[in-house]
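> Mind having a look at this structure? Questions to follow.
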Amino acid sequence: MTVSVRFAPSPTGRLHIGNIRTAVLNWLFAHRSGGSFMLRLDDTDRSRSTEAFAEAIRADLKWLGLVWDREARQSDRMARYDEVAEQLKKAGRLYPCFESEDELERRRARQRARGLPPIYDRAALKLTPDEIAQRIAAGEKPHWRFLLANTEPSRGLTPLPTLVTWHDVVRGEQTVDIGSLSDPVLIRADGTPLYTFTSIVDDIDFAITHIIRGEDHVTNSAVQIQLFEALDAEPPTFAHHSLLIGADGQALSKRLGDLSVESLREEGLEPLAVLCHAALLGTSEAVAPYATLDELAARLDLSKLSRAPGRFDIAELRALNARLLHMLPLDAVAEHLDTLGLDVSAELWDAVRGNIETLGDVRTWLEVVNGPLAPRIEDANLCATAAGLLPPEPWNAETWGALTAAVREATGIKGRQLFHPLRLALTARDAGPELRALLPLIGRERVEARLKGNAA
Ligand code: GLU
12 MTVSVRFAPS PTGRLHIGNI RTAVLNWLFA HRSGGSFMLR LDDTDRSRST
62 EAFAEAIRAD LKWLGLVWDR EARQSDRMAR YDEVAEQLKK AGRLYPCFES
112 EDELERRRAR QRARGLPPIY DRAALKLTPD EIAQRIAAGE KPHWRFLLAN
162 TEPSRGLTPL PTLVTWHDVV RGEQTVDIGS LSDPVLIRAD GTPLYTFTSI
212 VDDIDFAITH IIRGEDHVTN SAVQIQLFEA LDAEPPTFAH HSLLIGADGQ
262 ALSKRLGDLS VESLREEGLE PLAVLCHAAL LGTSEAVAPY ATLDELAARL
312 DLSKLSRAPG RFDIAELRAL NARLLHMLPL DAVAEHLDTL GLDVSAELWD
362 AVRGNIETLG DVRTWLEVVN GPLAPRIEDA NLCATAAGLL PPEPWNAETW
412 GALTAAVREA TGIKGRQLFH PLRLALTARD AGPELRALLP LIGRERVEAR
462 LKGNAA
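Using the working numbering, you'd call the opening residue of the sequence shown number 12 and step up by one each time.
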């Protein structure tokens, strides 16, 4: 069996950290299994879907490095959905209904008042073909419901407890009683097919083998399994991953706008850090940086996803980003540095990567190295002595040790009293990369000027 998965966002907004989790888990699974990863744009809701969002989703996935093998748009497949809907109508599994939303709400209120569950009473199934034809001829537009298989011929149309079960890769045995659900509307009165339906037609047509998505879809899965069966198709394997929650334990849903791929990118985070974080939260693996998606894929399989929610904390993502940068070689960040307009040598990268949180912080150290920089003079005598003891160039990683030894010898000052004033004069900062590495990069001319208190 060739593994085939899909990531199916609706182009009604930007991708956010919650979608990224679904996308990366699908991508990693396809990659591990030598399978294919499809981008499917669920855009049947024409009033909310836009081309601009579709384009932004593609751009976000590209930035993340989640390359897709195939793409489909539901709006291109309307004729196919009509065809399959006809098939369901013929089989008596899709039936027309004429109730208005107000009418349905009144019925639900009555059911609640009588202590009954507010599920659709299937009144429309009692309409005769003539009655239906007349209403349509009179200009009424039906919406269409899927008849769930939860009845017994001898008991009429009354839904009975009916368990749909499946083995979920993440959640284990799952059981949903579809006797407690309303027959879902699959086609709106304006003719628009709904996601519950179109998704299944696509999953069948594109031979999707695994549906990996958030656990908010568990109930949908029971209905969708019945749809697969109604269409004589084998349901794929399901894996419902846990959702991300905020550091405060609350659902992330309200804050997802701030956690869009766009804002994470603007914050200067590395795509790999975002992916490692989104994938590894709520798993039995430690949330750690991986230098490539291959390495992450080798580490994480679906069996490691736990049912516990992943706790998302932007501060932890920033820390993970820093850890990732500390381990990446220059060529892994070269492209990103380029987009930031930063020209960085291998020596500078090695000197500073341990002291940055985001790649943009390299700019600070480039300025320290290239100047001009106003030095901070804490101990003018000490700095002047150091200026007088500077060896001739070429300088290397030994120069700093030799210089400080000479200054210590000449002044008797050691430890923090020695190092701190020199660091302040040379970098105008209290902390930073090792001066052993920075000194040759700053160069003799600028070092001498700064030790003498001059901007350089
Ligand atoms: N468009 C659906 C969503 O974004 C897709 C769910 C699925 O993967 O089936 O929730």
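Backbone N, C-alpha and C fix where the C-beta goes; we use that ideal spot for every residue, glycine too. Bear in mind the structure is a predicted one, so any value in this text is a computation, not a measurement.
Assign leucine 50 to one of three DSSP states: helix, strand, or coil.
Here residue 50 corresponds to residue number 39 of the sequence shown, with the count starting at 1. Strand.
> Give me the Cα-Cα distance between histidine 221 and arginine 17, rounded to the nearest whole angstrom.
Residue mapping note: residue 221 aligns to position 210 of the sequence shown, counting from 1. Residue mapping note: residue 17 aligns to position 6 of the sequence shown, counting from 1. Those two C-alpha atoms are separated by around 8 Å.
> The ligand GLU and alanine 19: does the residue's C-beta get closer than 7 Å to at least one heavy atom of that ligand?
Locating residue 19 in the sequence shown gives position 8, counting from the first residue. True, at least one ligand heavy atom lies under 7 Å from that Cβ.
> What residue does the alpha helix (DSSP H) around arginine 57 start on, and which one ends it?
Within the sequence shown, residue 57 is the residue found at index 46, counting from 1. Where arginine 57 is concerned, there is no enclosing alpha helix (DSSP H), given that its DSSP letter is neither H nor E.
> Can you tell me the Cβ-Cβ gap for phenylalanine 157 and leucine 197, rounded? I've got them flagged as a contact below 8 Å.
As a working mapping, residue 157 is identified with position 146 in the sequence shown. As a working mapping, residue 197 is identified with position 186 in the sequence shown. So it is a contact: roughly 5 Å between Cβ atoms.
> So is the beta-carbon of arginine 224 under 7 Å away from any non-hydrogen atom of the ligand GLU?
In the sequence shown, counting from the first residue as 1, residue 224 sits at position 213. Because some heavy atom of the ligand GLU lies under 7 Å away, the Cβ of arginine 224 counts as near it: yes.
> DSSP state of glutamate 404, grouped into three classes?
Counted from its first residue, the sequence shown places residue 404 at position 393. Here DSSP, grouped into helix, strand and coil, assigns glutamate 404 to coil.
> Where do the ends of the alpha helix (DSSP H) carrying tryptophan 79 lie?
Locating residue 79 in the sequence shown gives position 68, where the first residue counts as 1. Here tryptophan 79 belongs to no alpha helix (DSSP H), and DSSP marks it neither H nor E.
> Compute every distance between the C-beta of aspartate 53 and the non-hydrogen atoms of the ligand GLU, then say whether any falls below 7 Å.
Translated into positions along the sequence shown, residue 53 becomes position 42. Yes; taking the cut-off as 7 Å, the Cβ of aspartate 53 has a heavy atom of the ligand GLU nearer than that.
> Have a look at the DSSP bridge pairing and note the partners of tryptophan 155.
Here the question's residue 155 lines up with position 144 in the sequence shown. Pro107, Ile198, per the DSSP bridge assignment.
> Looking at the structure shown, is leucine 18 part of a helix, part of a strand, or coil, going by DSSP?
Sequence index remark: in the sequence shown, residue 18 carries index 7 (1-based). Looking at the sequence itself, residue 18 is phenylalanine, so the reference to leucine does not match. Of the three classes helix, strand and coil, the one that applies to phenylalanine 18 here is strand, per DSSP.
> Of the residues Arg57, Glu62, Asp56, Ala70, which one's Cα is nearest the Cα of arginine 276?
For this step, residue 276 is matched to residue 265 along the sequence shown. Ranking Arg57, Glu62, Asp56, Ala70 by Cα distance to arginine 276 puts Ala70 first.
> Is tyrosine 206 close to the ligand MN? I mean its beta-carbon at under 7 Å from any heavy atom of the ligand.
The ligand content of the structure shown is limited to the ligand GLU, which means the ligand MN is not among them.
> In the DSSP assignment, what residue or residues form a beta bridge with valine 175?
By one-based count along the sequence shown, residue 175 stands at place 164. Answer is Val187.
> Out of Pro403, Ala63, Arg84, which has the shortest C-alpha to C-alpha gap to valine 212?
As a position in the sequence shown, residue 212 is number 201, starting the count at 1. Ranking Pro403, Ala63, Arg84 by Cα distance to valine 212 puts Arg84 first.
> Alpha carbon to alpha carbon, how far is serine 295 from glycine 321?
Residue mapping note: residue 295 aligns to position 284 of the sequence shown, counting from 1. Residue mapping note: residue 321 aligns to position 310 of the sequence shown, counting from 1. If you take the alpha carbons of serine 295 and glycine 321, they lie about 11 Å apart.
> Assuming valine 418 contacts leucine 450 under a Cβ cut-off of 8 Å, what Cβ separation, rounded to an integer in Å, is found between them?
To locate residue 418, count along the sequence shown from 1; it is residue 407. To locate residue 450, count along the sequence shown from 1; it is residue 439. Distance from valine 418 to leucine 450 at the Cβ level is roughly 13 Å; contact not present, criterion being Cβ atoms closer than 8 Å.
> To the nearest whole angstrom, what separates the beta carbons of methionine 49 and tryptophan 74, a pair I think is in contact under 8 Å?
On the sequence shown, position 38 is the one that residue 49 refers to. On the sequence shown, position 63 is the one that residue 74 refers to. At roughly 19 Å, the Cβ-Cβ gap does not stay under 8 Å, so methionine 49 and tryptophan 74 are not in contact.
> Span of the beta strand (DSSP E) holding leucine 255?
Reading the sequence shown from its first residue, position 244 is the one you call residue 255. Looking at the DSSP string, the run of the beta strand (DSSP E) that includes leucine 255 is 255–257.
> In three-state DSSP terms, what is arginine 69?
Position 58 of the sequence shown, counted from the first residue, corresponds to residue 69. Annotated three-state conformation of arginine 69 is helix, per DSSP.
> Locate the beta strand (DSSP E) running through isoleucine 223, then write down its first and last residues.
Taking the sequence shown and counting its residues from 1, the one referred to as residue 223 is at position 212. DSSP places isoleucine 223 inside the beta strand (DSSP E), whose first and last residues are 221–225.
> Is the segment 113–130 touching the segment 242–261 in the sense that three or more CB pairs, one from each, lie closer than 8 Å?
no
> Going by Cα to Cα distance, which pick from Asp349, Pro164, Val458, Leu168 is closest to alanine 135?
Start at 1 with the first residue of the sequence shown, and residue 135 comes out as number 124. Measuring from the Cα of alanine 135, the nearest candidate turns out to be Leu168.
> Please name the residue, chosen from Leu351, Ala290, Ala343, that lies closest to aspartate 361 on a Cα-to-Cα basis.
Numbered from 1 along the sequence shown, position 350 holds the residue referred to as residue 361. Ranking the options by Cα distance to aspartate 361, first place goes to Ala343.
> Give the DSSP bridge partners of arginine 84, in chain order.
Numbered from 1 along the sequence shown, position 73 holds the residue referred to as residue 84. In the DSSP output, where bridge partners are listed per residue, arginine 84 has Leu52.
> Quick one: what does DSSP say phenylalanine 217 is sitting in, helix, strand or coil?
For the purposes of this step, residue 217 is identified with residue 206 of the sequence shown, where counting begins at 1. Of the three classes helix, strand and coil, the one that applies to phenylalanine 217 here is coil, per DSSP.
> Any heavy atom of the ligand GLU inside 7 Å of the beta-carbon of histidine 228?
Position 217 of the sequence shown, counted from the start, is the residue given in the question as residue 228. For the ligand GLU, at least one heavy atom lies less than 7 Å from the Cβ of histidine 228.
> Please return the same chain residues whose Cβ sits closer than 6 Å to the Cβ of glycine 365, not counting the five positions on each side in sequence.
Locating residue 365 in the sequence shown gives position 354, where the first residue counts as 1. Taken in chain order, the residues that qualify are His337.
> Enumerate in chain order the residues of its own chain whose CB-to-CB distance from histidine 42 is below 6 Å, with the five nearest sequence positions on each side excluded.
Locating residue 42 in the sequence shown gives position 31, where the first residue counts as 1. Within the same chain, histidine 42 has close Cβ partners Ala308.
> Return helix, strand or coil for serine 271, following the three-state DSSP convention.
Your numbering for residue 271 matches position 260 in the sequence shown. In the structure shown, serine 271 sits in a strand (DSSP, three-state: E or B).
> Where does glycine 29 land, buried or exposed, given buried means 16+ other C-beta within 10 angstroms?
The residue labelled residue 29 in the question sits at position 18 within the sequence shown. Buried, by the Cβ-count rule.
> Using the Cβ count rule (16 or more neighbours within 10 Å means buried), how would you classify serine 356?
As a working mapping, residue 356 is identified with position 345 in the sequence shown. With fewer than 16 other Cβ atoms within 10 Å, it is exposed.
> What residue does the beta strand (DSSP E) around asparagine 160 start on, and which one ends it?
Position 149 of the sequence shown, counted from the start, is the residue given in the question as residue 160. The sequence shown places alanine at residue 160, not asparagine. Taken as a continuous stretch (DSSP letters only), alanine 160 belongs to no beta strand (DSSP E), as it is neither H nor E.
> Going by beta carbon distance, what residues of the same chain come within less than 8 Å of glutamate 62, once the five residues before and after it are set aside?
Translated into the one-based positions of the sequence shown, residue 62 becomes position 51. These residues qualify, in order along the chain: Pro22.
> Name, in chain order, the residues that DSSP records as bridge partners for glycine 321.
Here residue 321 refers to the residue found at position 310 when the sequence shown is read from its first residue. Glycine 321 is bridged to Leu255.
> Under 7 Å Cβ to Cβ from isoleucine 388, same chain only, skipping five residues before and after it: list those, please.
On the sequence shown, position 377 is the one that residue 388 refers to. The residues are Cys394, Ala436, Gly464.
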